[in-house]
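One structure below.
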Amino acid sequence: MAGYVLMFLLAAAIVMAFAGAAKARRTADAVPGKTHSRPIYHGLNAAIWTGIPAFVFLLLWLFLQNTVIDHLVLSAYPGVEAMDASARSIAISEVRQIVAGNIFKQPTPEALAAADHLRSLQAISGWVIATVAFASAAIGAFLAWRFVGKRARARHSVERAVSIFMLLSSLAAIITTIGIVTSLVFEAMRFFSMVPVQEFLFGLRWEPQIALRADQVAGQGAFGVIPVIFGTVVISLIAMLVAVPTGIYSAIYLTEYSPARFRAVVKPLLEILAGIPTVVYGFFAVLTVAPAVRDLGTAIGIPAEPNSALAAGLVMGVMIIPFISSLSDDAFAAVPRALRDGSLALGATKGETIKKVLLPAALPGIIGGVLLALSRAIGETMIVVMAAGLIATMTLNPFASVTTVTVQIVTLLIGDAEFDNPKTLAAFALGLVLFVITLGLNLIALRTVRRFREKY
Amino acid sequence: MNMMAETTTEAKQVQPMSEPSFKMLGRNVSVHYGAKQALFNVNLAVRQNTVTALIGPSGCGKSTFLRCLNRMNDTIDNCRVSGEITLDGQDIYDAAIDVVELRARVGMVFQKPNPFPKSIYENVAYGPRIHGLARSRADLDQIVETSLQKAGLWSEVKDRLNEPGTGLSGGQQQRLCIARAVAVSPEVILMDEPCSALDPIATARVEELIHELRSNFTIVIVTHSMQQAARVSQRTAMFHLGNLVEENDTDKIFTNPDEQRTQDYIMGRFG
Ligand SMILES: Nc1ncnc2c1ncn2[C@@H]1O[C@H](COP(=O)(O)OP(=O)(O)OP(=O)(O)O)[C@@H](O)[C@H]1O
Ligand SMILES: [Mg+2]
């Protein structure tokens, strides 16, 4: 039903667009004097008034109808007062299955009655949609039609509609973020009702293997986040040690020293590096870098584990080089030529000019690139899932195996996830921690950038 | 690197000795941008402690010639300079000359004020720092103060040396750039239309300054304003289509030039 209504609305809007424009043209020709809005605006205006209110209603209705219908069906279900939340959701999904025609076992008479109830409600809902949408389109079309006139300000009306649409588009990202954070916080709260916050934040042991059933033999479980964060920090640090100097030096070389032909080849290549799927980097880390690191460890007499922090960090560093180099490159290129000339004309060498004039002027852009890279490193999942370890150990030895926040989130959610025990819910708490860390990083970044900003 | 001096055979035949009062001397200077020739065999002398004005219609090569004098053309990829330019009798395009040292001796002020995005103090201290001219912080403070004084900016900025140079007015910025150039104690200062972005009052201030600087420095200034050339310079060189039309005492150029083209340009008949 909703589909037909949608098609009807579209057709009505198009018809009204042409009709409105035609009427506007007629009135413009009939009366002498200056017209306010061109016919196309009257057409668009008519289309908007005809289609949009009905469309918004349709969206809202579709969004809410299932919840409302479920509620109505359940409240009429015999014995509903005795059911708890999960029994209710089982009941309603059974009813929906019956309506959809998937019957696995002989349904109870209550369920069949409820299914009939559901069907009738859905039919009513369909008719409500059709009637209201039609009425709304008709009223809108009538108003817009009457509105068309010599001095009518259709252009203003259309522009306002467009600007509202743009406002909503820009809000979409914000609203989505708020939604994600809210659900994260909500689930994390459930986790914290089982594991105390201070134990999670300051605990030094991370052993999330707990018994799921009473008869299982397993550890008590410990949810101290520190060792996990420690692993993330160590790997990110190694990655940044690789990527920051390499990225900045490559940007300096490409903008200031390289011959044009070299730049023309290397710059696109660097950007291709950014397009390699991280899972491919993961292969590279496991198959090539990790054995090499182990050999290196053996050679210098440090026992290296197969999943060393160094291997994951090195590969991750290579992965984020393009972010830093590309953004730094842009930052250097954006420094006006007059500043370079001013410095060179004072007898500064190229190196001095880069160090004392270009670098400070480009610093905000560079910091932006570094922080983007850092949040990529902290949030990066695939490489560490493949190349880092699973056991949370607190060590600074780069040849040892460490785990990261992202790896733990993945392992906690893999398998039979039940969202009512601390093991699974811990993933949300970890996600929240990750979010807070990157948010903090960005805030620090903004402040640093503002402090060091050299305006030109 | 992309442009070593091509000392032509003609240039070799000219006597290498220059008159002592000539600070810089250009002989047979030709400049190409790629295939396009912008200067044709220019011969021009710049006298010590004198303000030399370069005038001529737009695109005639004034800036190009000016930029040859401190080898700023080196920074332009497809630019080629030939002929000979000397500073105190020494060929500045010679391989023995370090371009960094040359630019410390021949400073430059640009058309648009281009202070660094640093504090006023750091702007002036920039040159002395990289050339190691100050032994102590007190030395550096002294250099900054005298440079700003010479540029006539000290009284306006002495209480806010730590504020950004970019926060000054256009005229103040240009005087800051002059102070910055003066701070490395150059022998010659090149100015490319230094007042074109300034209002009349700031212009008058800079002109006054040029007048005072003459006792310590040799100055070459490019200008589109005939009045300015007449007011600040002692010698004037007229360029047209990449050629030096004539070069003489400013009084002579503006009252009784030898060349008809100069007369026409000064009277505003072309350009
Ligand atoms: N970087 C460059 N690349 C190519 N051609 C250039 C370049 N700079 C200048 N030219 C050309 O060289 C000629 C002389 O330019 P120049 O800038 O010296 O003129 P100008 O006398 O300073 O003019 P204006 O008074 O407008 O500043 C012009 O024809 C110009 O197009
Ligand atoms: Mg010029």
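Chains as they are written, first to last, in numbering that gives the first Met the number 0: chain A, 0 to 455; chain B, 0 to 270. Here a beta-carbon is modelled for each residue, glycine too, at the ideal position from N, C-alpha and C. Just so you know, these numbers come straight off a predicted model, no measurement behind them.
Check whether residue i and residue j have beta carbons under 8 Å apart
i, j, result
"residue 157 of chain A", "residue 256 of chain A", "no"
"residue 399 of chain A", "residue 227 of chain A", "no"
"residue 187 of chain B", "residue 217 of chain B", "yes"
"residue 120 of chain B", "residue 143 of chain B", "yes"
"residue 41 of chain B", "residue 23 of chain B", "no"
"residue 91 of chain B", "residue 84 of chain B", "yes"
"residue 54 of chain A", "residue 428 of chain A", "no"
"residue 110 of chain A", "residue 89 of chain A", "no"
"residue 245 of chain A", "residue 366 of chain A", "no"
"residue 104 of chain B", "residue 86 of chain B", "yes"
"residue 219 of chain B", "residue 38 of chain B", "no"
"residue 235 of chain A", "residue 373 of chain A", "yes"
"residue 254 of chain A", "residue 332 of chain A", "yes"
"residue 221 of chain B", "residue 192 of chain B", "yes"
"residue 59 of chain B", "residue 241 of chain B", "yes"
"residue 63 of chain A", "residue 94 of chain A", "no"
"residue 323 of chain A", "residue 247 of chain A", "yes"
Interface partners of residue i on chain B, CB under 9 Å
i, result
"residue 367 of chain A", "None at all; the shortest Cβ gap to chain B is about 17 Å."
"residue 356 of chain A", "115, 116, 117 and 125"
"residue 340 of chain A", "71, 74, 107, 109 and 113"
Chain B within 8 Å of residue i, Cβ atoms only
i, result
"residue 348 of chain A", "yes"
"residue 359 of chain A", "yes"
"residue 332 of chain A", "no"
"residue 351 of chain A", "yes"
"residue 447 of chain A", "no"
"residue 228 of chain A", "no"
Chain A contact residues for residue i, given Cβ-Cβ distances below 8 Å
i, result
"residue 180 of chain B", "344 and 345"
"residue 183 of chain B", "345 and 346"
Residue-chain proximity (residue i, chain A), Cβ-Cβ < 8 Å
i, result
"residue 100 of chain B", "yes"
"residue 336 of chain B", "With chain B running from 0 to 270 in the structure shown, residue 336 of chain B is simply not present."
"residue 129 of chain B", "yes"
"residue 7 of chain B", "Because residue 7 of chain B carries a pLDDT of 41, less than 50, the predicted location of this residue cannot be relied on, and no value is offered for it."
"residue 94 of chain B", "no"
Neighbouring residues, chain A, relative to residue i (Cβ below 7 Å)
i, result
"residue 103 of chain B", "346"
Contacts that residue i makes with chain B (C-beta to C-beta distance below 8 Å)
i, result
"residue 337 of chain A", "109, 111 and 113"
Review point. Does the stretch 306–320 of chain A come within contact of the stretch 238–257 of chain A, defined as at least 3 CB pairs closer than 8 Å?
Key: Three or more pairs of CB atoms, one per stretch, sit closer than 8 Å, so the stretch 306–320 of chain A contacts the stretch 238–257 of chain A.
Practice item. Quick one: residues with CB closer than 5 Å to any heavy atom of ligand 1, in chain order, please. Key: Selection around ligand 1 by beta-carbon proximity, strictly under 5 Å to any non-hydrogen atom, yields B:32, B:37, B:57, B:58, B:59, B:60, B:61, B:62, B:63 and B:75 in chain order.
Exercise for review: Say whether the stretch 192–212 of chain B touches the stretch 233–246 of chain B, bearing in mind that this needs 3 or more beta-carbon pairs closer than 8 Å, one atom from each stretch.
Suggested key: Verdict: no, contact absent.
Practice item. Count the C-beta pairs between the stretch 41–55 of chain A and the stretch 65–73 of chain A that are closer than 8 Å, then say yes if the count reaches three, no if not. Key: In this structure the stretch 41–55 of chain A does not lie against the stretch 65–73 of chain A, because fewer than three pairs of beta carbons, one per stretch, are closer than 8 Å.
Practice item. State whether the stretch 221–235 of chain B contacts the stretch 247–257 of chain B, with contact taken as three or more CB pairs (one from each stretch) at a distance under 8 Å. Key: The stretch 221–235 of chain B makes contact with the stretch 247–257 of chain B: 3 or more CB pairs, one atom from each, lie closer than 8 Å.
Point to revise | Any 3 or more C-beta pairs closer than 8 Å across the stretch 327–335 of chain A and the stretch 294–302 of chain A | key: Proximity of the stretch 327–335 of chain A to the stretch 294–302 of chain A falls short of the contact definition, fewer than three beta-carbon pairs being nearer than 8 Å.
Check your understanding: Using 8 Å as the Cβ pair cut-off and three pairs as the minimum, do the stretch 97–114 of chain B and the stretch 332–349 of chain A touch?
Key -> Yes, the stretch 97–114 of chain B is in contact with the stretch 332–349 of chain A.
**Study point:** Cβ contact check for the stretch 179–193 of chain A and the stretch 419–433 of chain A: 3 or more pairs under 8 Å
**Key:** With the rule of 3 Cβ pairs closer than 8 Å, the stretch 179–193 of chain A counts as touching the stretch 419–433 of chain A.
Review point. Quick one: any contact between the stretch 14–28 of chain A and the stretch 121–135 of chain A, if contact means 3 or more CB pairs under 8 Å?
Key: No, they do not touch.
**Study point:** Touching by the beta-carbon criterion (3+ pairs, under 8 Å), the stretch 372–389 of chain A and the stretch 268–285 of chain A
**Key:** At 8 Å Cβ cutoff, the stretches touch.
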